[in-house]
Amino acid sequence: MKFKKPPAHEFIGFLISMPFIGWYVNYILYGERIYQDLNLWLVSFTILFALAIISWYLHFRYHSYITSLYPGL
Numbered sequence: 629m630k631f632k633k634p635p636a637h638e639f640i641g642f643l644i645s646m647p648f649i650g651w652y653v654n655y656i657l658y659g660e661r662i663y664q665d666l667n668l669w670l671v672s673f674t675i676l677f678a679l680a681i682i683s684w685y686l687h688f689r690y691h692s693y694i695t696s697l698y699p700g701l
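In our numbering, the protein residues as written are 629 to 701.
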């Protein structure tokens with residue numbers, strides 16, 4: 629499987645929105661504790677960001693594959 633480079637606007641949009649999504653998810657999970665515990669940010673945000681990048685890239689690859697199979701969609 630070759631690495632396929634996603635369009636720049638999709639990647640930049642992901643990078644801009646991810647900190648807000650990460651903050652929101654951490655706030656839902658941990659409440660006000662996110663403002664007091666630095667380790668929570670270092671561990672939780674890193675894991676969340678890694679999972680988000682993997683998920684986003686797999687979605688991009690799947691979308692590209694479906695588009696190549698059915699170009700009329």
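Note that the Cβ used here is the ideal one computed from N, Cα and C, for glycine as well.
Whole-number beta carbon distance between residue 677 and residue 614, since they are thought to touch under 8 Å: No answer is possible for residue 614: the residues shown for the chain start at 629 and end at 701.
Quick one: does the C-beta of residue 662 sit closer than 7 Å to a heavy atom of the ligand NAD? With respect to the ligand NAD, the structure offers nothing, as it holds no ligand at all.
Please classify residue 701: does DSSP put it in a helix, a strand, or coil? Here residue 701 sits in coil by DSSP.
With a Cβ-Cβ cutoff of 8 Å, do residue 684 and residue 642 count as a contact? yes
What residue from 636, 664, 665 and 675 has the CA that sits closest to residue 647's CA? 675
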